Structures are given as C-alpha cells and as structure tokens.
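Visitor: Provided herewith is a single structure, encoded as structure tokens, for subsequent inquiry.
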Amino acid sequence: MTTEPNSYRTGPDEKGLFGIYGGRFVAETLMPLILQLEQAYKAAKADRSFQDELDYLLEHYVGRPSPLYFAKRLTEHLGGAKVYFKRDELNHTGAHKINNVLGQILLARRMGKKRIIAETGAGQHGVATATACALFGLKCVVYMGEVDIERQKPNVFRMKLLGAEVVPAKSGSRTLKDALNEALRDWVANVEDTFYCIGTVAGPHPYPEMVRDFQCVIGNETRHQMMRQEGRLPDSLVAAIGGGSNAMGLFHPFLDDKDVEIYGVEAAGHGLKKKHAASITGGKPGVLHGNRTYLLMDEDGQITEGHSISAGLDYPGIGPEHAWLHDMKRVNYVSATDKEALAAFQLCCKLEGIIPALEPSHALAHVMKLAPQKPKDHLMVMNLCGRGDKDIFTVADILGVKL
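In the working numbering, the protein residues as written are 6 to 408.
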C-alpha cells in the first residue's frame, strides 16, 4: 500500500531515490566524479549567475519560450477536447533536448571539463550536444548504435558538420541501449577530463534530477501560457516516453495540481504481446545504466531489446521518477503502436501543416483516442517535442515511397 505524499515534487531523497527507484549503481571508479558532479550542480543551482546565463541562452539562442499553439483543425476533426501543442520542435536544433544540454554544458565548463561525451538514439540529443560544444569550443564525442546511424542519417551528418565525432556502437541490438553502454565505458576510462552529458531523466543520481530540472522550463512555460490564453490550467497533459525527459519536463510543474490528468505514452511497437519498448506496461523493476527502474527483461532477468518505429523510444528502460509516479498512480502510463503513431504522424501533417517527429506522434496517437471522449471545454496539452525532418526517410520506406 502506498501513502500519498504531501507533494510529488520533492524527490529524490539524499540518496537519489524516488521511493525504491533511482539511486546510483556505478563502478567504483566513477563514484568520486558522480559526487563531484552532485556538489557542482548544487552550487550552480544556488548561483544566480548560472541561471541567468542559461536563461539568456534559452531565450536568445534556443528561441524560448516555445509557443503554446491551439490545433484548431485537429480539434475540429477529433470533435472533443480543445487540443493545444507545446511546440518544442521549434527550438534551435528541432527538439526539447537543447534545454537540458545547455544546462549540462554550462555545468561542465564550471567544472573545467574540456571533453564532452554523449549517447543518442534518434540523434536529437547528439545534435543538441554537438551544437552546444561547437558554441563553446569543446571536444565532442557521440556514441550511437549502428542501426540508429543508418535510420537517422540526416542527424548523423548534422553532428559531423558541427564538429562531433560519431562513434558507432556495434554490440547487442546496436541501438540506444548499446550506445549508452559504450558511453559509460568511455567515461570510466576518461574520468579526469570528460563530462558525460546524459540526454534523458535516467542514469545515476544526480542525472534524473538534473535533467528534469533543466527540462521543467517546458511545463513552467505551459502553465503561464495556458493561464494567459484560457485563464485556467489545462485539464490534461499528454507526452511520449522513451527515457522520459520531454514528458517529465511538461509533467513536473503540474504534479501537485491533482485535477490535472497526466498521460505518458510508451512505444508499443508491433504490440504489447510482440516486440515493443513499453518498459512500464510490459517490464518490471531492475537495475541498468546506474539506476533502478522499470526495465524490459526476460524470465532470467536479462535485458531484452526494445522495438519502436521511433529510434528515440526504443530504450528498454524508463527514468526512475516515472517508475515511482506509476507506482504512486499519479501519472497514467499508456501505449501506442507503430501503426497508430504512423497514422497520427500523417494526420498531423495533413490537418495542421506540421511534420512531427515519430516520438511525439505516439503522444498524438493517444490524443486521438482520448480527445473525442472529453467535452469541448476540456483543455488538453500535448508536448510536440521534436520535428520530423529526420524521420521522413523511415516513413517513406514504410509507405513504400522511394526518395
């Protein structure tokens, strides 16, 4: 039996735990650097000049605040809730990832680190990291699965143009999980001069907390913008979840508003009884990549490969704070299949003139199910966390179109 907390926003505890999830399960070699990072982040949060520099870059380099857009034609088509898009795909580099990366790169500079490593799936975090490294003249190495390199060629080229070295991960499923393994190995071997810029709300403490804090700009802006446009808070929030950074960024500022329904949408791939990447819906608690959370595992506890049409969602785990919010029943975790996401992708293109990434297309698929069930005065916000330029080759291939 779980006891409802006074606030859902106070975690993690001093050990980096959200309930039984999170923590820091890392090699002994990394522990001093993890503790150094935790102290550096605490000092940065208390330093007004750090936040001022980040705020300046978010406004003048990233282009924030991102618009809160009323999707009028989609709303009319669905015939229920009034649907808004939080348009983080309009950020510089085309996704929400840059919000977090700039915060971490500013922190790396304060710590005197000259070499930045990152892992990436769809390539959006890799592009954001390469961009920030170019901005500040830092060496950048990005690990990426061979499979993802093939299906996300435009983003690989962008990273190289920006001066990053893209290193293929050739083991396992050759996707995001394996890229993260390679990045951790690099970090262990180069702790003295290297900062690991993690792209989602996972990994050892303090990463889940730190990435969440940098991404909360999404939800904070949404509160302000919805109050200005509608005079009240939204009734529901919807976001796609791989590791869960865009979702946590939108959700967290609303967690204590109990009348706001919250939906996280996992990738159901070919179906929950077949190949999928729905870690909460189809997984169980375990330890991977430095934290305890819900993971896709077989009966022997071995990590199984996730599958999604979206390279950014096929990670076999989820951020530990999401795992806790699931157990506390504060957030509803649902799923959408590849087929449903592709249909949502096409509908958004035709009705709104917006080509979404395949990641938020999963969230849109759930909006298409949920919005018609709601009254017309219901205010629904979906985080459109990435644009779909990078996905047109994948979509064309599935649709049988030769480019």
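Ideal Cβ positions, reconstructed from N, Cα and C, are used throughout, including at glycine.
Model, not experiment: these values are computed from the prediction.
Since L83 contacts A376 with CB under 8 Å, what's their CB separation in whole angstroms?
Guide: Locating residue 83 in the sequence shown gives position 78, where the first residue counts as 1. Locating residue 376 in the sequence shown gives position 371, where the first residue counts as 1. That belief holds up - the Cβ atoms of L83 and A376 are roughly 4 Å apart, short of 8 Å.
Visitor: Just reading off the beta strand (DSSP E) that E214 is part of, what are its end residues?
Guide: Counting from one through the sequence shown, the residue named residue 214 turns up at place 209. Segment Y212 to Q220 is the alpha helix (DSSP H) holding E214; no beta strand (DSSP E) there.
Visitor: Taking the C-alpha atoms as reference points, what is the distance between Y13 and M253?
Guide: The residue given as residue 13 occupies position 8 in the sequence shown. The residue given as residue 253 occupies position 248 in the sequence shown. The alpha-carbon atoms of Y13 and M253 are separated by roughly 12 Å.
Visitor: Give a yes or no on whether the C-beta atoms belonging to D240 and L384 are separated by under 7 Å.
Guide: Counting from one through the sequence shown, the residue named residue 240 turns up at place 235. Counting from one through the sequence shown, the residue named residue 384 turns up at place 379. Cβ distance < 7 Å, so D240 and L384 count as in contact.
Visitor: Looking at the strands, I want to know which residues DSSP matches up with P361.
Guide: Taking the first residue of the sequence shown as position 1, residue 361 is located at position 356. Answer is R392, bridged to P361.
Visitor: Is the separation between the beta-carbon of V372 and that of V243 shorter than 7 Å?
Guide: Walking along the sequence shown from the start, residue 372 turns up at place 367. Walking along the sequence shown from the start, residue 243 turns up at place 238. Taking 7 Å as the Cβ cut-off, V372 and V243 qualify as a contacting pair.
Visitor: Would the beta-carbon of P173 fall within 7 Å of that of E151?
Guide: Along the sequence shown, one-based indexing puts residue 173 at 168. Along the sequence shown, one-based indexing puts residue 151 at 146. Closer than 7 Å, so yes.
Visitor: Using CA atoms only, rank isn't needed, just tell me which of D57, P72, N96 and E9 is closest to V386.
Guide: As a first step, residue 386 must be located in the sequence shown, where it is residue number 381. For V386, the nearest C-alpha among the options comes from P72.
Visitor: Spell out the partners DSSP gives Y13 in its beta bridges.
Guide: By 1-based counting over the sequence shown, the position of residue 13 is 8. DSSP lists no partner for Y13.
Visitor: Does the pairing of the region 136-146 with the region 159-173 give three or more beta-carbon distances under 8 Å?
Guide: At 8 Å Cβ cutoff, the stretches touch.
Visitor: With a 10 Å radius around its C-beta and 16 neighbouring C-beta atoms as the bar for buried, classify M215 as buried or exposed.
Guide: Indexing the sequence shown from 1 puts residue 215 at position 210. It is buried - the Cβ of M215 has at least 16 other Cβ atoms within 10 Å.
Visitor: Who are the Cβ neighbours of L59 in its own chain at under 7 Å, not counting the five residues just before and after it?
Guide: Here residue 59 is taken as the residue at index 54 of the sequence shown, counted from 1. Within the same chain, L59 has close Cβ partners L107, G108 and L111.
Visitor: With distances taken from CA atoms, which of I203, A341, K118 and R163 is nearest R217?
Guide: Your numbering for residue 217 matches position 212 in the sequence shown. The shortest C-alpha separation from R217 is found at I203.
Visitor: Can you tell me whether Q44 is buried or exposed, with buried defined as 16 or more other CB within 10 angstroms of its CB?
Guide: In the sequence shown, residue 44 corresponds to position 39, counting from 1. Q44 should be labelled exposed.
Visitor: Among Q41, I314, S315 and K263, whose alpha-carbon lies nearest the alpha-carbon of N337?
Guide: Here residue 337 refers to the residue found at position 332 when the sequence shown is read from its first residue. For the residues Q41, I314, S315 and K263, the minimum Cα distance to N337 belongs to K263.
Visitor: Taking the C-alpha atoms as reference points, what is the distance between A368 and C221?
Guide: Here residue 368 refers to the residue found at position 363 of the sequence shown. Here residue 221 refers to the residue found at position 216 of the sequence shown. In a straight line, the C-alpha of A368 is about 18 Å away from that of C221.
Visitor: Quick one, which of G288, S250, H97 and I246 has its alpha-carbon nearest A272's?
Guide: By one-based count along the sequence shown, residue 272 stands at place 267. Out of G288, S250, H97 and I246, I246 has the C-alpha closest to the C-alpha of A272.
Visitor: Where do the ends of the alpha helix (DSSP H) carrying Y46 lie?
Guide: Taking the sequence shown and counting its residues from 1, one reaches residue 46 at position 41. Here the alpha helix (DSSP H) through Y46 covers M36 to K50.
Visitor: Is it true that the CB of L38 sits closer than 7 Å to the CB of V292?
Guide: Mapped onto the sequence shown, residue 292 falls at position 287. Mapped onto the sequence shown, residue 38 falls at position 33. The answer is no: Cβ separation not under 7 Å.
Visitor: Nearest-angstrom Cα distance between N160 and D394?
Guide: For this step, residue 160 is matched to residue 155 along the sequence shown. For this step, residue 394 is matched to residue 389 along the sequence shown. In a straight line, the C-alpha of N160 is about 9 Å away from that of D394.
Visitor: Determine, using beta carbons only, whether L300 and G311 come nearer to each other than 7 Å.
Guide: To locate residue 300, count along the sequence shown from 1; it is residue 295. To locate residue 311, count along the sequence shown from 1; it is residue 306. Going by C-beta atoms, L300 is not nearer than 7 Å to G311.
Visitor: Which full runs of the alpha helix (DSSP H) of 4+ residues lie inside the region 74-142, going along the chain?
Guide: If we require 4 residues or more, the alpha helix (DSSP H) runs fully inside the region 74-142 come out as 77-83, 102-115 and 129-141.
Visitor: Cα-Cα, which of K87, E326, L352 and K182 is closest to A316?
Guide: The residue you call residue 316 lines up with position 311 of the sequence shown. Out of K87, E326, L352 and K182, K182 has the C-alpha closest to the C-alpha of A316.
Visitor: Quick check on the DSSP output: the beta strand (DSSP E) that includes Y148 runs from which residue to which?
Guide: The residue labelled residue 148 in the question sits at position 143 within the sequence shown. Unbroken beta strand (DSSP E) run through Y148: K144 to G150.
Visitor: Which of the three DSSP states, helix, strand or coil, is assigned to E33?
Guide: Taking the first residue of the sequence shown as 1, we reach residue 33 at position 28. In this structure, E33 counts as coil in the three-state DSSP scheme.
Visitor: Is the Cβ-Cβ distance between P325 and G27 less than 7 Å?
Guide: The residue you call residue 325 lines up with position 320 of the sequence shown. The residue you call residue 27 lines up with position 22 of the sequence shown. In contact: P325 and G27 (Cβ atoms closer than 7 Å).
Visitor: Contact check, F30 vs G295 under 8 Å by CB: the rounded distance?
Guide: As a working note, residue 30 is residue 25 in the sequence shown. As a working note, residue 295 is residue 290 in the sequence shown. About 5 Å separates the two Cβ atoms, so the contact holds.
Visitor: Just reading off the alpha helix (DSSP H) that L181 is part of, what are its end residues?
Guide: The count along the sequence shown starts at 1 and reaches residue 181 at position 176. Run containing L181: L181 to A194, per the alpha helix (DSSP H) assignment.
Visitor: With C-beta atoms as the reference, is E124 less than 7 Å away from G391?
Guide: The residue given as residue 124 occupies position 119 in the sequence shown. The residue given as residue 391 occupies position 386 in the sequence shown. For E124 and G391, no; Cβs fall outside 7 Å.
Visitor: Considering just the uninterrupted stretch of the alpha helix (DSSP H) at I285, what are its terminal residues?
Guide: By 1-based counting over the sequence shown, the position of residue 285 is 280. Where I285 is concerned, the enclosing alpha helix (DSSP H) stretches over S284 to G287.
Visitor: Quick check on the DSSP output: the beta strand (DSSP E) that includes P239 runs from which residue to which?
Guide: The residue you call residue 239 lines up with position 234 of the sequence shown. Here P239 belongs to no beta strand (DSSP E), and DSSP marks it neither H nor E.
Visitor: Going by other Cβ atoms of all chains shown within 10 Å of its Cβ, with 16 needed for buried, is S54 buried or exposed?
Guide: The residue given as residue 54 occupies position 49 in the sequence shown. Exposed, because fewer than 16 other Cβ atoms sit within 10 Å of the Cβ of S54.
Visitor: Work out the CA separation of K165 and G276 for me, nearest whole Å.
Guide: In the sequence shown, the residue the question calls residue 276 occupies position 271. In the sequence shown, the residue the question calls residue 165 occupies position 160. Cα to Cα, the separation comes out at about 35 Å.
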